Amino acid sequence: MKNLLILSAVIFAALACATATTGVRGSGMAETAPHTAPATPPLQAGPGQFELPPPLREPVAAPGDVLEPVPGGTVDWGRRLVRARGTGVVDPGNPNSAQARLMAERAAVVVAQRNLLEIVKGVRVDSDTKVENFMTKFDVIYTHVDGIVRGARQVGPAVYDERSGTVEVELEIDLAGPQSIAGALAPALGSGQPVAAARLSPQVQEFFRQYSGLILEAGNTGLKPSLFPKIYDENGNLLLDTRDYFQELTGPTGATALQYVEKLDQILSRPEFARNPLVLKVKQAKGALGADIVLGRQDADKLKWLKDGAKYLLDAGRLLVRLLL
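The sequence shown maps to residues -22 to -1, 1 to 303 in mature numbering (1 follows the signal peptide of the UniProt record, and there is no 0).
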């Protein structure tokens, strides 16, 4: 009997020990999982679950709205396109009319490519330089631009004028975005590192909460559009150099990153700009080519956050310049 009591006490003690270690290892319960740090919140997350606006799918300006006529074609700054026309003469002595037209069309393409190249040379890069300046200085840029011109898209079918015996074609290339003239300038402008995405400052978040975009109203200042304009205050302090955002202006959303428009109501009619955009009046145009923007002191003070927020404005297509050509 005494032995039986001792045995019972031993069993009871063992059971108590097992119960005390429950949840560590044993008694059929799972081991404690290792601690995992929470995932880093997305960049757009912030107070009030702030989110950046999505990128625009297409430019605000309609085709032909911000058009700069040039010999042999046009520069459509609103749609970020360069177009050129070329004409070929049908050989009346060729008995094969179909072959004669085809040869005339090929000749028209060559003429259009030549005109396109001349137009591109005159495109303003900024307020001091044109594309031609970079083509002259960098052989690789000349080669790249020439390749883009040779690969130009044909706009619609060739037009045959039976009365004059000519064939006309129209070609176009992109000013911004992938495989564009702006992108061809990479050896001179795009060698730096892309602007890193930083956590949104409170000032940038507050801007996007209040406004649907930033519109710089140039009106009759004589401002000329360019690929990479700069923005200054009236004291000459640089507020923004868009060359620092080469990747944004030549990437997939480059055609909508920085937009030139002519009609203010066209912006306001877009659902993306349903909320009030911030409209600031341009005081004057600056530079040898008149392509840089100068803001008055009070308006410039409203953009102290611009260098922090420019990447997000450009990515979303919310930086627009309204001008008259």
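Yeah, the Cβ is synthetic: ideal placement off N, Cα and C, and Gly gets one too.
Please read these numbers as outputs of a predicted model, since none were measured by experiment.
Separation of Q244 and Q188 (C-alpha to C-alpha, rounded to the nearest whole angstrom) is 20 Å.
In the DSSP annotation of this structure, the continuous segment of the alpha helix (DSSP H) that includes E184 starts and ends at P180 to Q188.
Following the DSSP letters along the chain, one finds V147 inside the beta strand (DSSP E) bounded by residues T144 to D152.
When Cβ pairs closer than 8 Å are counted between the two stretches, the segment 85 to 101 is seen not to touch the segment 180 to 199, the count staying below three. Three or more Cβ pairs closer than 8 Å define a contact, and the segment 268 to 276 meets that threshold against the segment 199 to 213.
With contacts defined as CB atoms closer than 9 Å, G287 and F224 fail to qualify as a contacting pair.
By the C-beta density criterion, E226 is buried, having at least 16 other C-beta atoms within 10 angstroms. In the structure shown, V68 falls within a coil segment according to DSSP collapsed to helix, strand and coil. Shortest Cα-Cα distance from R57 to any of L216, L205 and K282 involves L205. Taking C-alpha positions only, P31 is separated from L94 by approximately 36 Å. Boundaries of the alpha helix (DSSP H) around Y120: D117 to R128. In the DSSP secondary-structure assignment, D139 is bridged to T144. DSSP places G51 in the uninterrupted beta strand (DSSP E) bounded by G51 to D54. With respect to the 9 Å criterion, A86 and V147 are classified as neighbours on the basis of their beta carbons. For A76, the number of other beta carbons within 10 angstroms of its own is below 16, and it is reported as exposed. Contact between R79 and Y138 holds: CB atoms are separated by about 6 Å, below the 8 Å threshold. DSSP links D219 through a beta bridge to K208.
Ranked by how close their Cα comes to the Cα of G64, the residues V299, E96 and A166 have E96 in first place. Sequence-distant Cβ neighbours of L216 in its own chain, meaning closer than 8 Å and more than five residues away, are K208, I209 and Y210. Looking at the DSSP output, K259 sits in a beta bridge with E195.
Excluding five sequence positions before and after F116, the CB atoms of its chain that fall closer than 8 Å to its own CB belong to P165 and A166, given in chain order. By the criterion of a C-beta distance shorter than 8 Å, Y120 is surrounded in its chain by M113 and T114, once the five residues flanking it on both sides are discounted. Per DSSP, the continuous beta strand (DSSP E) segment holding P47 begins and ends at L45 to V48. In this structure, the beta-carbon distance from L303 to L45 falls below 9 Å.
Ranked by how close their Cα comes to the Cα of L292, the residues N254, A154 and G134 have A154 in first place. Annotated three-state conformation of Q237 is strand, per DSSP. Distance from the CA atom of A40 to the CA atom of V239, rounded to whole angstroms, is 9 Å.
Where V98 is concerned, the enclosing alpha helix (DSSP H) starts and stops at S75 to K99. Secondary structure at D106: coil, using DSSP grouped into helix, strand and coil.
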